[in-house]
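**Q**
Residue numbers (the working numbering): 9 to 163.
#1: Roughly how many whole angstroms lie between the Cα atoms of residue 151 and residue 70?
#2: Below 8 Å on the Cβ atoms is my contact criterion, and I expect residue 140 with residue 97 to pass it. Report the Cβ-Cβ distance as a whole number of Å.
#3: State whether the stretch 46-53 contacts the stretch 111-121, with contact taken as three or more CB pairs (one from each stretch) at a distance under 8 Å.
#4: Work out the CA separation of residue 112 and residue 132 for me, nearest whole Å.
#5: Can you find at least 3 beta carbon pairs, one from the stretch 73-91 and one from the stretch 123-132, that sit closer than 8 Å?
#6: Is the beta carbon of residue 155 sitting closer than 8 Å to the one on residue 77?
#7: Would residue 37 and residue 59 be called neighbours here (beta carbons separated by less than 8 Å)?
#8: Kindly indicate which three-state DSSP category residue 84 falls into: helix, strand or coil?
#9: How many angstroms separate the CA atom of residue 147 from the CA atom of residue 163?
#10: In the DSSP assignment, find the unbroken beta strand (DSSP E) run with residue 126 in it and report its ends.
#11: Return the Cβ separation of residue 157 and residue 108 in integer angstroms, given the expectation that the two are a contact with Cβ distance under 8 Å.
#12: Return no unless some Cβ of chain C is closer than 8 Å to the Cβ of residue 153.
#13: Pull up the distance between the alpha-carbon of residue 114 and that of residue 61, whole angstroms please.
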């Protein structure tokens, strides 16, 4: 859909200022993915959405799905729980972590970067998706780490 914005000057015709292309994506193209082995969303969003052969996973924090509570304050335990939750969501969509295209990692303390890389390497093995890691001031429920993924789904 193309929208054109105009300005009207007194006693003159409408003058176009700019055009804006808008792409509408219908929900019928989406497949909402939910795994009972991952925590419920802590806000108004989905665990993941499959669109075509791509899976977009919402950011996960270290919530134990059995209790609905954040695991202990230990960074390593939270990081492993986050990756376990993501793995369960990805498996529910019919893929695996080995098909991850991109990972976005949010840490509340960049001093955990080396520890995280060790944990991440155990989960991903030789697979090296593109990745960004940034330090943030705060995460939901005072989590120490959050990760979101984009994953290919084999056809």
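Note that the Cβ used here is the ideal one computed from N, Cα and C, for glycine as well.
Being a predicted model, the structure only gives us computed values, none of them experimental.
**A** Taking the coordinates as given:
#1: 7 Å
#2: Between residue 97 and residue 140 the Cβ distance is about 20 Å, and since that is not below 8 Å, they are no contact.
#3: no
#4: 14 Å
#5: yes
#6: no
#7: yes
#8: Of the three classes helix, strand and coil, the one that applies to residue 84 here is helix, per DSSP.
#9: 35 Å
#10: That residue, residue 126, is in no beta strand (DSSP E); its alpha helix (DSSP H) goes 121-132.
#11: 5 Å
#12: Reference to chain C is not applicable here, since this structure consists of a single protein chain.
#13: 25 Å
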